[in-house]
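Heads up: the sequence shown begins at 0 in numbering that gives the first Met the number 0, then just goes up one per residue.
A virtual CB, placed ideally from N, CA and C, is assigned to each residue, including glycine.
Note that the structure is predicted; figures quoted are calculated from it, not measured.
Worksheet for the structure shown next.
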Amino acid sequence: MNLLYLDTETFSEADLKKVGSYAYAEHPTTEIVICTYAFDEGPVQVWDATDGSDMPRDLRRAMLKLQKPDSNLKLVGQNFLMFDRPVIKHCWGFELLVENIIDTMIVAFRHALPGSLAALCEVLNIDASMAKDKRGKALIQRFSKPTPKNYKIRRYTADTHPKEWAEFIAYAKSDITSMREVYKKMPKWGNSEFEDRVLHLDQVINDRGFKVDVALAESAIEAVTRHKEELQEEAQRKYGGSLTGKDFLPILQELAPAHRIHNAQKST
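As structure tokens, this is what we get:
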């Protein structure tokens, strides 16, 4: 079995924490800006997808292999299933099979280890020269997200900040080095055919999602909002004036006994 270690760096106007990985991947502004990868013990390679160059041939061949169920190539990635996989599908058009992916975060969780790459480097005592680069967070903030709305330019790039972009590429390369060392040192005894089947089913469920009647949900929210306003108006007519702040306490004291509420303690 041959291994491909791979990681992507992206840009998007979508907020990953707010919308989730699938909506993030499908957002029209999402793009892969850097891809770093290495085959087995080979050197870490970089594709800067923003410089107009085509995808490297060896990377394209690997993507094609990873779509086949009988592939002898497996991809090792950190948080790959829930982030990089859907991003690659929507940005590059390759549907990588779950059974061809070894997610180091999943392997870590199976052995009660932390999920982040930085924490894994610490727990597994990865040499400092191969540990995760701590500059990454600031570089991601700069190049993976749009600038604030009051800025003149929409985003920072290699053209606007060439020095920092070179650091971004170096950071991306170091992630492959860290991930490769982490995977070597991770325990594997918790992996099993059963766990793999469960993981595959989990990904099928996530990929499928579920249908939501958006119009019904929006109408329900609108109805609840309108009903709250009507109740507020009715209460103001009945009791006079505002029902907030200091005016609310006397009304509450008047209504509470009728509803057998004797105090405002949590236990009541």
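Residue range of the beta strand (DSSP E) that includes residue i
i, result
"Tyr170", "Not the beta strand (DSSP E): Tyr170 falls in the alpha helix (DSSP H), residues Pro161 to Lys184."
"Gln44", "Gln44 to Asp47"
"Asp83", "Segment: none, Asp83 is in no beta strand (DSSP E) and carries neither H nor E."
"Ile101", "Ile100 to Asp102"
When the options are compared against residue i, the one with the closest alpha-carbon
i, options, result
"Glu12", "Val211, Phe142 and Arg225", "Phe142"
"Asp158", "Thr49, Thr7 and Asp6", "Thr49"
"Glu180", "Gly135, Glu121, Val32 and Val211", "Glu121"
"Gly51", "Val32, Arg60, Leu63 and Glu163", "Val32"
"Gly92", "Leu63, Glu8 and Leu116", "Leu63"
"Lys67", "Leu254, Val211, Ile100 and Asp14", "Ile100"
"Val203", "Lys237, Val211 and Glu94", "Glu94"
"Ala107", "Glu98, Val97, Leu123 and Leu96", "Leu123"
Between the CA atoms of residue j and residue i - distance to the nearest angstrom
i, j, result
"Lys151", "Trp46", "28 angstroms"
"Arg196", "Asn1", "21 angstroms"
"Lys183", "Arg225", "59 angstroms"
"Ile87", "Leu200", "20 angstroms"
"Gly135", "Trp164", "11 angstroms"
"Ala118", "Gln264", "43 angstroms"
"Ala169", "Pro161", "12 angstroms"
"Ser20", "Leu138", "20 angstroms"
"His258", "Ser266", "16 angstroms"
"Ile250", "Glu229", "18 angstroms"
"Asp53", "Ala61", "15 angstroms"
Distance cut-off 8 angstroms: residue i Cβ against heavy atoms of the ligand NAP
i, result
"Ile204", "Of ligands this structure carries none, so the ligand NAP is not represented either."
As assigned by DSSP and simplified to three states, the class of residue i
i, result
"Met9", "In the sequence as displayed, the identity of residue 9 is Thr instead of Met. Note: Thr9 maps to strand in three-state DSSP."
"Val75", "strand"
"Tyr150", "coil"
"Asn205", "helix"
"Ala216", "helix"
"Ala276", "The requested residue 276 does not occur in the structure, where the chain is confined to residues 0 to 267."
"Tyr238", "helix"
"Glu94", "coil"
"Tyr23", "helix"
"Val211", "coil"
"Leu2", "strand"
"Ile31", "strand"
"Gly135", "helix"
"Ile87", "helix"
Cβ pair residue i, residue j closer than 9 angstroms
i, j, result
"Met185", "Gln77", "no"
"Asp174", "Thr35", "yes"
"Ala171", "His89", "no"
"Leu74", "Tyr155", "no"
"Asn190", "Arg109", "yes"
"Val97", "Leu15", "no"
"Val18", "Thr176", "no"
"Phe79", "Asp57", "no"
N-terminal and C-terminal residue of the alpha helix (DSSP H) that residue i is part of
i, result
"Ile250", "Phe247 to Leu254"
"Phe118", "Before going further, note that residue 118 is Ala rather than Phe in the sequence given. First-last of the alpha helix (DSSP H) with Ala118: Leu116 to Val122."
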